[in-house]
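Trainee: Mind having a look at this structure? Questions to follow.
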Amino acid sequence: MKATRTAGGSIMDEEERFDQYLTRLATISWPRWSDLPQFDLYMDQVVQFANEIIIPAGLDELTPTMVNNYVKKGIIKAPTKKKYSRSQLANIIVVAILKSVFNLDTIASGIKYQLLNRESHQAYDAFILAFASAIQKACSDFRGEVVISGISRGDTTKVQSAMVNLSINAVIQKLLVETMTKLTVPAKPEKK
Numbered sequence: 004m005k006a007t008r009t010a011g012g013s014i015m016d017e018e019e020r021f022d023q024y025l026t027r028l029a030t031i032s033w034p035r036w037s038d039l040p041q042f043d044l045y046m047d048q049v050v051q052f053a054n055e056i057i058i059p060a061g062l063d064e065l066t067p068t069m070v071n072n073y074v075k076k077g078i079i080k081a082p083t084k085k086k087y088s089r090s091q092l093a094n095i096i097v098v099a100i101l102k103s104v105f106n107l108d109t110i111a112s113g114i115k116y117q118l119l120n121r122e123s124h125q126a127y128d129a130f131i132l133a134f135a136s137a138i139q140k141a142c143s144d145f146r147g148e149v150v151i152s153g154i155s156r157g158d159t160t161k162v163q164s165a166m167v168n169l170s171i172n173a174v175i176q177k178l179l180v181e182t183m184t185k186l187t188v189p190a191k192p193e194k195k
């Protein structure tokens, strides 16, 4: 493992830095529906609230421009009197989490599909619980001496192989989700 100096001058190897990231990731409190503000928020409050959740996970910072684009694309409903509801905030958080992997059209279709026959709070909580559970499992898998299929973090070649396999799995899973999303979207009526 490669060692680097921290700001304080101490040496920290890659494994320690990775463990710190896993600890930070595992301790993020992903807000359930009941944890979201019960009152409507202005744009700056929405952005601040979402960023306090997503940035510690290593996800890209949310900006007001991004939120405006989500509204323009119809992913998020337009604010009422410049305020965003709990449902809109929940969708913004979901988009912020998924946008590093999926395009906005796929996310929009996925959100619409998840809202079929269930309320916003049910769909949001199901997503957050599944996401938090997947994070806990991934952190647990990587914290153990055995990482994936008998791969130890100390074996560079095997770690490289694990990285390739995880990347490939991410691409395959992305393709599967995009295909499922396309198949679940109702066909648009033909124009006459």
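Under my numbering, the sequence shown has 84 at position 81, and the numbering climbs by one with no breaks.
For every residue, glycine included, the Cβ atom is placed at its ideal position computed from N, Cα and C.
If I measure Cβ to Cβ from Ser37 and keep anything under 6 angstroms in the same chain, skipping five residues before and after, which residues do I get?
Mentor: Position 34 of the sequence shown, counted from the start, is the residue given in the question as residue 37. Here the set comprises nothing.
Trainee: Using the Cβ count rule (16 or more neighbours within 10 Å means buried), how would you classify Val97?
Mentor: To locate residue 97, count along the sequence shown from 1; it is residue 94. Buried: at least 16 other Cβ atoms inside 10 Å.
Trainee: What's the C-alpha gap between Asn120 and Gln48?
Mentor: Here residue 120 refers to the residue found at position 117 of the sequence shown. Here residue 48 refers to the residue found at position 45 of the sequence shown. Their Cα atoms are separated by approximately 30 angstroms.
Trainee: Specify whether the stretch 52 to 59 and the stretch 111 to 119 touch according to this definition: at least 3 beta carbon pairs, one from each stretch, less than 8 angstroms apart.
Mentor: no
Trainee: How many angstroms separate the CA atom of Ala135 from the CA atom of Thr83?
Mentor: The residue you call residue 135 lines up with position 132 of the sequence shown. The residue you call residue 83 lines up with position 80 of the sequence shown. Straight-line Cα distance between these residues: approximately 31 angstroms.
Trainee: Check Trp36 in the structure and name its three-state DSSP category.
Mentor: In the sequence shown, residue 36 corresponds to position 33, counting from 1. Here Trp36 carries a helix assignment [DSSP, helix/strand/coil].
Trainee: Residues in its own chain within less than 8 angstroms of Lys177 by CB, not counting five upstream and five downstream?
Mentor: Position 174 of the sequence shown, counted from the start, is the residue given in the question as residue 177. Same-chain partners within the cutoff: Val104, Phe105.
Trainee: For Lys85, which of helix, strand or coil comes out of DSSP?
Mentor: Numbered from 1 along the sequence shown, position 82 holds the residue referred to as residue 85. Lys85: coil per DSSP, three-state reduction.
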